[in-house]
Structures are given as structure tokens and as C-alpha cells.
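Numbering (my numbering), first residue to last: 520 to 790.
Heads up, the beta-carbon is just placed ideally off N, CA and C, and yes, glycines get one too.
All of these numbers come straight from a predicted model, not from anything done at the bench.
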Amino acid sequence: MPELPEVEVTRLSFVDRIVGARVKGVRVGKPLRWPLGCEPSSLIGQQVRDVRRRGKYLLVDLEHGLLLWHLGMSGSLSFGDDRSPPKTHDHFDLDTSHGLLRLNDPRRFGAVVFASSEHSSQAVKLLGHLGVEPLNGFFALEAFHAGLRKRQTSIKQVLLGGELVVGVGNIYASEALFLAGIRPTTRSARISRPRAEKLRLAVIDVLARAVKKGGSTLRDFSAADGKTGYFQLEAHVYDRAGQPCRDCGSVIRRIQQGQRSTYFCPACQKP
DNA sequence: AAAAGCCCCTGGATGC
DNA sequence: TGCATCCAGGGGCTTT
């Protein structure tokens, strides 16, 4: 589910409601990808100062430390006054004076991890290697192109890797490469500067538009206020194998790259 | 050092 | 109806 747009839409759907709240209780359900890493009761009484995003992580700032939330492949959050008993896949609750923040994650690839600060070893392990944010003005052509030239793998894999630019997952990697007219299998190091610029702008454009549309809801994504996304309706290639390209009519193809599906138009996207 | 593979886990869709 | 197979939005860790 969650790439940068879905995580950001989730953040926006509850940040203003939860800031200032005090933690009243914590419930840890079935094991997630990593253990919480602190005594749950140590969070009680702390005030929620802010909710930020770094790549696909949500950072819930508390008075003493922060919680890193990752939605994995199938996670979603809800926040509100409904404190009904947890359902099958509700695996973590942060109950606050302003509402209950609940993680639902059927596949349990997600996690909630405590870090004493952003500079703690726990936080650095998860966030330290991440590339630049694409939507805050720091995603510059010079560094992007220089990074691309150093990589010997395909451009799709480099986008997914998140070490140059964060937040681009499997849907938006395919979509950005379509918008830039670049074949996903193209060697990263062979991308010219003008094409790197097209790709940089395409990444920014597709992610920003997806945020405006509430993200993509393919199966079950919804933000913390329950709203679903609509960007999947605008996808040019993702999940459209066998269907005609919206621009040229050619048949969209699906290939495998690194155990993930990639979609592209063989006519619009050049090697 | 970087790239490629391997898993973690559940559920829905499809095919026989 | 049942059962097997494939596929799924991520990413840290291990192996090459």
C-alpha cells in the first residue's frame, strides 16, 4: 500500500487532531516487524508534540523520544474516538486524550519503534541511509544525476532503493518512469543529464499529484480519517498489463525486476 | 562496495 | 466446495 503519498496523506489526516494530546495507554498486539523497543507504560503521560514524515516513516514526536511508524506493505492507521475492541489485524494502539491511534496491518511487515532521539542508534539504523525528500525543495538535479551515474543497476531499482530520493515505491516508480519516457530497465549510469532532469521533475510531479488525490487505493488503503485515495484512476502503466497505453495505444507490458513487478509502455519509454 | 536474493506474513484472485 | 498456486503497495539482512 503505502508509498510517500499514502504516508503523507495519512499524516495530514490526523496530525492536527493529535498534536497536544497526552498518551493514556498503549496496547501491543501480535508481533510486528520489530519490537517496540521500550516499556509501553513509559510512554504514558507524554505529550504528542508533532507528527512528521521521513521517507515512508511517520515520526510521532513525544516529550521524551519519538515513535517511528512504518506501514509496511499492508498497514494503515486510524485515529478517532472509536475505542471498540481491536479487530483481527489491529496490532498496535496508542490511546491519547484526543483519540485512539491504531495500526491495522494484516501482513505485519509494518512496525512501531521507539527511539530516544533522532540521533539514537535505533533511529539512525532505520533513517540514516535514506536519500533526500522529493517534495521539500532539496531534491536537486546535480546530486541526483551524480548518484545515478554511480549505479550499475537499472533505473527502476535505483528509484526503489531510496538512497538517492525517498518515498518512491513500486507504483510511483513505474509511473514516474512513464512520465519521463524512460524504460525501467535502462542502466542508471547511462541516464543523461537532460533525462535525469525529466525524471526528477516526473518524480516530484507524480508524488505531489498523488498526495492531492489522497494517494492510491488499490485494495484497502485509507488515511487515518477513513478516506480512500483516487490516484490509481490516473495511473498510466501500473497494474495495466495488457491494456492499451493511454497516450499511444501500445500494449502495456509487465516484467519482473528484483522480485517486483514493473509496468511500462514499450513505445513511449525509450531505453 | 555494491548488487542481487531472501525473507518476514496474510489474504484475495485464479485455476483445476 | 476444496485445494494449490500466484500475486501483492516494503525493506533490512545475508550472500555474492
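query                                                                                                  : result
Extent of the continuous beta strand (DSSP E) run through residue 543                                  : 542-547
Paired residues, beta bridge with residue 634 - DSSP                                                   : 585
Bounding residues of the beta strand (DSSP E) (the contiguous stretch that carries residue 774)        : 772-776
Three-state secondary structure (DSSP) of residue 780                                                  : strand
Residue 733 and residue 597 closer than 8 Å at C-beta                                                  : no
Cβ-based burial, residue 789 [other Cβ within 10 Å; buried from 16]                                    : exposed
Three CB pairs or more closer than 8 Å across the region 612-628 and the region 655-674                : no
Straight-line gap, residue 613 to residue 591 (C-alpha atoms, nearest Å)                               : 18 Å
Minimum C-alpha distance to residue 537 - residue among 575, 723 and 600                               : 600
Own chain residues within Cβ distance below 7 Å of residue 615, not counting five before or after      : 537, 540, 541, 542, 543 and 567
Among 668, 784 and 753, nearest to residue 768 - alpha-carbon criterion                                : 784
Residues bridged to residue 596 (per DSSP)                                                             : 622
Inter-stretch contact (C-beta, 8 Å, three-pair minimum) for the region 670-687 and the region 520-536  : yes
Contact check, residue 665 vs residue 678, beta carbons under 8 Å                                      : no
contact_flag[the region 715-727, the region 735-744] where n(CB pairs < 8 Å) is 3 or more              : no
Through-space distance from residue 786 to residue 501, alpha-carbon basis                             : The structure shown has nothing for residue 501, since the chain only spans 520 to 790.
Residue 732 in three-state terms, based on DSSP                                                        : coil
Proximity winner among 764, 642, 725 and 756, relative to residue 780 (alpha-carbon distances)         : 756
Supposed contact pair residue 719 and residue 663 - C-beta distance, whole angstroms, cut 8 Å          : 5 Å
DSSP bridge partner residues for residue 673 (one or two, in chain order)                              : 706
Closest by C-alpha distance to residue 725, when choosing among 607, 754, 707 and 702                  : 754
Start-to-end residues for the beta strand (DSSP E) that takes in residue 570                           : 567-573
Proximal residues to residue 602 (C-beta, below 8 Å), its chain only, five neighbours per side dropped : 614 and 619
DSSP-derived helix/strand/coil call for residue 628                                                    : coil
Beta carbon of residue 573 nearer than 8 Å to that of residue 530                                      : no
Enclosing alpha helix (DSSP H) for residue 529 [first to last residue]                                 : 523-531
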